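Position 162 of the sequence shown, counting from 1, maps to 212 under our numbering, and the rest follow consecutively.
Note that beta-carbon positions come from the ideal geometry of N, C-alpha and C, so glycine has one too.
Predicted model, so just to flag it, every value in this text is computed and none were measured.
Everything on this sheet refers to the single structure shown next.
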Amino acid sequence: MMMEREWRAHCAELTENNTPPLDTEEKLTLSTPRSRCPHCGHAITLLENIPVLSYLWLRGRCSACSEKISIRYPLVEFITALLSIVVAWHFGFTWPALAALFFTWALIALTMIDFDHQLLPDSITLPFLWLGLALSLWSVFVDSPTAIIGAIAGYLSLWVVYWAFKLITGKEGMGYGDFKLLALLGAWMGWQMLPVIILLSSAVGAVVGITLILLRGRNRNIPIPFGPYLAAAGWIALLWGHDISNAYLRFSGLQ
51 MMMEREWRAH CAELTENNTP PLDTEEKLTL STPRSRCPHC GHAITLLENI
101 PVLSYLWLRG RCSACSEKIS IRYPLVEFIT ALLSIVVAWH FGFTWPALAA
151 LFFTWALIAL TMIDFDHQLL PDSITLPFLW LGLALSLWSV FVDSPTAIIG
201 AIAGYLSLWV VYWAFKLITG KEGMGYGDFK LLALLGAWMG WQMLPVIILL
251 SSAVGAVVGI TLILLRGRNR NIPIPFGPYL AAAGWIALLW GHDISNAYLR
301 FSGLQ
(Lines of atoms letter the chains of each structure in order from A and count residues from 1; the text may use other names and numbers.)
(Lines give C-alpha, C1' and ligand atoms only; values in the text may rest on other atoms or scores of the structure.)
Protein backbone atom coordinates (compact mmCIF):
# COMPACT_ATOMS: atom_id res chain seq x y z
CA MET A 1 0.00 0.00 0.00
CA MET A 2 2.88 2.37 0.76
CA MET A 3 4.30 1.76 -2.71
CA GLU A 4 0.90 2.22 -4.35
CA ARG A 5 0.47 5.62 -2.67
CA GLU A 6 3.93 6.66 -3.80
CA TRP A 7 3.17 5.61 -7.37
CA ARG A 8 -0.13 7.52 -7.36
CA ALA A 9 1.68 10.62 -6.15
CA HIS A 10 4.27 10.29 -8.92
CA CYS A 11 1.55 9.79 -11.54
CA ALA A 12 -0.28 12.84 -10.23
CA GLU A 13 2.87 14.92 -10.57
CA LEU A 14 3.21 13.86 -14.19
CA THR A 15 -0.44 14.32 -15.17
CA GLU A 16 -1.41 17.45 -13.25
CA ASN A 17 1.10 20.02 -14.47
CA ASN A 18 3.76 18.69 -12.11
CA THR A 19 1.69 19.84 -9.12
CA PRO A 20 1.29 17.07 -6.55
CA PRO A 21 -2.21 16.70 -5.10
CA LEU A 22 -2.96 17.50 -1.51
CA ASP A 23 -2.37 14.40 0.58
CA THR A 24 -5.64 13.76 2.35
CA GLU A 25 -4.82 10.15 3.19
CA GLU A 26 -3.58 9.04 6.57
CA LYS A 27 0.19 8.97 6.92
CA LEU A 28 1.41 5.45 6.21
CA THR A 29 4.86 4.14 7.16
CA LEU A 30 6.28 0.89 8.50
CA SER A 31 5.73 2.18 12.04
CA THR A 32 2.53 4.24 11.73
CA PRO A 33 -0.37 3.79 12.01
CA ARG A 34 -0.60 0.77 14.31
CA SER A 35 -1.69 -2.56 12.86
CA ARG A 36 -5.46 -2.83 12.52
CA CYS A 37 -8.10 -5.44 11.96
CA PRO A 38 -8.93 -5.39 8.22
CA HIS A 39 -12.62 -5.96 9.02
CA CYS A 40 -13.47 -3.43 11.75
CA GLY A 41 -10.37 -1.22 11.97
CA HIS A 42 -9.64 -2.19 15.59
CA ALA A 43 -6.12 -1.04 16.53
CA ILE A 44 -4.08 -4.07 17.54
CA THR A 45 -2.74 -3.74 21.08
CA LEU A 46 0.73 -4.78 22.20
CA LEU A 47 -0.52 -7.98 23.80
CA GLU A 48 -2.48 -8.82 20.64
CA ASN A 49 0.60 -8.36 18.47
CA ILE A 50 2.92 -11.01 19.92
CA PRO A 51 3.98 -13.28 17.03
CA VAL A 52 2.11 -16.61 16.92
CA LEU A 53 1.22 -16.53 20.64
CA SER A 54 -1.35 -13.74 20.27
CA TYR A 55 -3.03 -15.62 17.42
CA LEU A 56 -3.37 -18.70 19.61
CA TRP A 57 -4.57 -16.67 22.58
CA LEU A 58 -7.22 -14.93 20.45
CA ARG A 59 -8.14 -18.28 18.86
CA GLY A 60 -7.63 -16.78 15.44
CA ARG A 61 -10.25 -14.05 15.81
CA CYS A 62 -10.28 -10.29 16.27
CA SER A 63 -10.92 -9.30 19.89
CA ALA A 64 -13.29 -6.52 18.78
CA CYS A 65 -15.43 -7.96 15.99
CA SER A 66 -14.65 -11.70 16.30
CA GLU A 67 -13.92 -11.99 12.59
CA LYS A 68 -11.38 -14.63 11.65
CA ILE A 69 -7.74 -13.59 11.38
CA SER A 70 -5.98 -15.06 8.36
CA ILE A 71 -3.78 -18.05 9.19
CA ARG A 72 -1.19 -16.43 6.95
CA TYR A 73 -0.06 -14.07 9.73
CA PRO A 74 1.06 -16.69 12.26
CA LEU A 75 2.43 -18.90 9.47
CA VAL A 76 4.72 -16.14 8.21
CA GLU A 77 5.74 -15.32 11.78
CA PHE A 78 6.50 -18.98 12.51
CA ILE A 79 8.46 -19.47 9.30
CA THR A 80 10.44 -16.28 9.97
CA ALA A 81 11.31 -17.48 13.47
CA LEU A 82 12.22 -20.96 12.22
CA LEU A 83 14.48 -19.67 9.43
CA SER A 84 16.11 -17.21 11.83
CA ILE A 85 16.92 -20.05 14.23
CA VAL A 86 18.43 -22.08 11.38
CA VAL A 87 20.60 -19.11 10.37
CA ALA A 88 21.76 -18.51 13.94
CA TRP A 89 22.56 -22.22 14.37
CA HIS A 90 24.42 -22.37 11.05
CA PHE A 91 26.62 -19.29 11.46
CA GLY A 92 26.87 -19.13 15.24
CA PHE A 93 27.41 -15.91 17.19
CA THR A 94 29.17 -14.04 14.36
CA TRP A 95 28.84 -10.96 12.16
CA PRO A 96 27.89 -13.16 9.15
CA ALA A 97 24.98 -14.49 11.24
CA LEU A 98 23.68 -10.96 11.84
CA ALA A 99 23.99 -10.10 8.15
CA ALA A 100 22.31 -13.39 7.17
CA LEU A 101 19.39 -12.67 9.49
CA PHE A 102 18.66 -9.35 7.77
CA PHE A 103 19.13 -11.10 4.42
CA THR A 104 16.59 -13.75 5.46
CA TRP A 105 14.00 -11.22 6.61
CA ALA A 106 14.37 -9.24 3.37
CA LEU A 107 13.84 -12.37 1.26
CA ILE A 108 10.72 -13.28 3.24
CA ALA A 109 9.29 -9.79 2.68
CA LEU A 110 10.11 -9.93 -1.04
CA THR A 111 8.53 -13.38 -1.32
CA MET A 112 5.23 -12.32 0.20
CA ILE A 113 5.05 -9.07 -1.78
CA ASP A 114 5.76 -10.89 -5.05
CA PHE A 115 3.16 -13.55 -4.31
CA ASP A 116 0.52 -10.88 -3.65
CA HIS A 117 1.35 -8.20 -6.21
CA GLN A 118 3.95 -9.71 -8.58
CA LEU A 119 6.32 -6.92 -7.61
CA LEU A 120 9.82 -6.87 -6.14
CA PRO A 121 10.18 -3.34 -4.77
CA ASP A 122 13.42 -1.46 -5.36
CA SER A 123 13.13 -0.15 -1.80
CA ILE A 124 14.18 -3.62 -0.62
CA THR A 125 16.23 -5.12 -3.45
CA LEU A 126 18.54 -2.18 -4.13
CA PRO A 127 19.58 -1.45 -0.50
CA PHE A 128 20.35 -5.13 0.04
CA LEU A 129 22.25 -5.30 -3.24
CA TRP A 130 24.45 -2.45 -2.02
CA LEU A 131 24.70 -4.05 1.42
CA GLY A 132 25.99 -7.25 -0.19
CA LEU A 133 28.64 -5.28 -2.07
CA ALA A 134 29.57 -3.40 1.12
CA LEU A 135 29.96 -6.64 3.06
CA SER A 136 32.33 -7.89 0.38
CA LEU A 137 34.81 -5.15 1.38
CA TRP A 138 35.44 -7.22 4.52
CA SER A 139 34.92 -10.57 2.72
CA VAL A 140 32.03 -11.45 5.03
CA PHE A 141 30.73 -13.98 2.51
CA VAL A 142 32.79 -13.35 -0.64
CA ASP A 143 35.47 -10.85 -1.67
CA SER A 144 34.73 -7.68 -3.63
CA PRO A 145 35.68 -8.83 -7.16
CA THR A 146 33.56 -11.95 -6.75
CA ALA A 147 30.62 -9.92 -5.42
CA ILE A 148 30.83 -7.27 -8.15
CA ILE A 149 31.01 -9.85 -10.92
CA GLY A 150 28.17 -11.73 -9.22
CA ALA A 151 25.93 -8.66 -9.21
CA ILE A 152 26.67 -7.89 -12.85
CA ALA A 153 26.32 -11.49 -14.01
CA GLY A 154 23.15 -11.98 -11.98
CA TYR A 155 21.43 -9.01 -13.56
CA LEU A 156 22.62 -9.60 -17.12
CA SER A 157 21.86 -13.34 -17.15
CA LEU A 158 18.12 -12.83 -16.58
CA TRP A 159 18.12 -9.68 -18.70
CA VAL A 160 19.37 -11.72 -21.67
CA VAL A 161 16.79 -14.45 -21.03
CA TYR A 162 14.05 -11.81 -20.78
CA TRP A 163 14.88 -10.24 -24.12
CA ALA A 164 15.45 -13.56 -25.90
CA PHE A 165 12.05 -14.80 -24.70
CA LYS A 166 10.37 -11.54 -25.70
CA LEU A 167 11.91 -11.54 -29.17
CA ILE A 168 10.85 -15.16 -29.75
CA THR A 169 7.35 -15.08 -28.26
CA GLY A 170 6.47 -11.38 -28.13
CA LYS A 171 5.66 -11.80 -24.42
CA GLU A 172 7.40 -10.76 -21.24
CA GLY A 173 8.51 -13.83 -19.31
CA MET A 174 9.57 -12.02 -16.14
CA GLY A 175 9.92 -8.57 -14.62
CA TYR A 176 12.90 -6.33 -14.06
CA GLY A 177 12.59 -6.96 -10.32
CA ASP A 178 13.78 -10.53 -10.93
CA PHE A 179 16.97 -9.19 -12.56
CA LYS A 180 17.66 -7.03 -9.53
CA LEU A 181 16.94 -9.84 -7.10
CA LEU A 182 19.41 -12.17 -8.81
CA ALA A 183 21.93 -9.30 -8.86
CA LEU A 184 21.37 -8.98 -5.10
CA LEU A 185 22.01 -12.70 -4.62
CA GLY A 186 25.11 -12.50 -6.78
CA ALA A 187 26.43 -9.61 -4.70
CA TRP A 188 26.00 -11.62 -1.50
CA MET A 189 27.29 -14.99 -2.71
CA GLY A 190 29.38 -14.32 -5.79
CA TRP A 191 29.10 -15.34 -9.41
CA GLN A 192 30.08 -18.96 -8.71
CA MET A 193 26.83 -19.54 -6.84
CA LEU A 194 24.55 -18.21 -9.60
CA PRO A 195 24.19 -21.53 -11.48
CA VAL A 196 23.13 -23.26 -8.26
CA ILE A 197 20.58 -20.52 -7.51
CA ILE A 198 19.14 -20.54 -11.04
CA LEU A 199 18.88 -24.33 -11.18
CA LEU A 200 17.27 -24.59 -7.74
CA SER A 201 14.79 -21.79 -8.42
CA SER A 202 13.87 -23.14 -11.85
CA ALA A 203 13.31 -26.64 -10.52
CA VAL A 204 11.13 -25.47 -7.62
CA GLY A 205 9.26 -23.02 -9.85
CA ALA A 206 8.56 -25.67 -12.47
CA VAL A 207 7.27 -28.17 -9.90
CA VAL A 208 5.03 -25.61 -8.18
CA GLY A 209 3.76 -24.20 -11.47
CA ILE A 210 2.88 -27.59 -12.94
CA THR A 211 1.22 -28.60 -9.68
CA LEU A 212 -0.95 -25.48 -9.69
CA ILE A 213 -1.98 -26.14 -13.28
CA LEU A 214 -2.83 -29.81 -12.67
CA LEU A 215 -4.48 -29.59 -9.25
CA ARG A 216 -6.12 -26.18 -9.31
CA GLY A 217 -6.71 -25.76 -13.02
CA ARG A 218 -4.66 -22.57 -13.06
CA ASN A 219 -4.78 -20.77 -16.39
CA ARG A 220 -1.44 -21.20 -18.17
CA ASN A 221 -1.64 -17.58 -19.29
CA ILE A 222 -1.74 -16.27 -15.71
CA PRO A 223 1.84 -15.35 -14.74
CA ILE A 224 3.46 -17.11 -11.80
CA PRO A 225 5.92 -14.90 -9.88
CA PHE A 226 9.52 -16.11 -10.12
CA GLY A 227 10.83 -13.97 -7.24
CA PRO A 228 9.75 -16.34 -4.42
CA TYR A 229 11.64 -19.23 -6.02
CA LEU A 230 14.74 -17.09 -6.53
CA ALA A 231 14.49 -15.98 -2.90
CA ALA A 232 14.14 -19.56 -1.62
CA ALA A 233 17.02 -20.76 -3.77
CA GLY A 234 19.17 -17.81 -2.66
CA TRP A 235 18.54 -18.54 1.01
CA ILE A 236 19.43 -22.21 0.56
CA ALA A 237 22.55 -21.28 -1.41
CA LEU A 238 23.74 -18.88 1.29
CA LEU A 239 23.70 -21.65 3.88
CA TRP A 240 24.44 -24.81 1.89
CA GLY A 241 25.38 -23.70 -1.62
CA HIS A 242 28.98 -24.88 -1.43
CA ASP A 243 27.89 -28.24 -0.01
CA ILE A 244 25.42 -28.66 -2.88
CA SER A 245 28.07 -27.75 -5.47
CA ASN A 246 30.64 -30.11 -3.95
CA ALA A 247 28.10 -32.94 -3.75
CA TYR A 248 27.22 -32.45 -7.42
CA LEU A 249 30.89 -32.43 -8.46
CA ARG A 250 31.56 -35.63 -6.51
CA PHE A 251 28.46 -37.29 -7.96
CA SER A 252 29.41 -36.31 -11.51
CA GLY A 253 33.03 -37.42 -11.02
CA LEU A 254 34.41 -33.96 -11.65
CA GLN A 255 35.99 -33.73 -8.21
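- A distance below 8 Å between beta-carbons, with the five flanking residues on each side excluded, links I94 to the following residues of its chain, in chain order: R84, S85, R86, C87.
- Taking a cut-off of 8 Å for Cβ pairs, the stretch 239-256 and the stretch 274-289 touch, as three or more such pairs fall below it.
- A203 places its beta carbon less than 8 Å from that of W241.
- Just so you know, the alpha carbons of F153 and H167 end up roughly 21 Å apart.
- Here W107 is exposed, its C-beta having fewer than 16 other C-beta atoms within 10 Å.
- In the DSSP assignment, no residue is bridged to R300.
- Counting only unbroken stretches of 4 or more residues, the alpha helix (DSSP H) elements lying wholly within the stretch 158-198 are 172-186, in sequence order.
- Of the other Cβ atoms in all chains shown, 16 or more fall within 10 Å of the Cβ of L208; this residue is therefore buried.
- Shortest Cα-Cα distance from G236 to any of T175, L217, I135, W145 involves T175.
- Using a C-beta cut-off of 8 Å, the stretch 215-224 makes no contact with the stretch 169-188, since fewer than three inter-stretch Cβ pairs fall below that distance.
- It is roughly 34 Å from the alpha-carbon of I119 to the alpha-carbon of K230.
- Between the alpha carbons of A149 and T130 lies a distance of about 15 Å.
- With contacts defined by Cβ atoms closer than 8 Å, L234 and H140 do not form a contacting pair.
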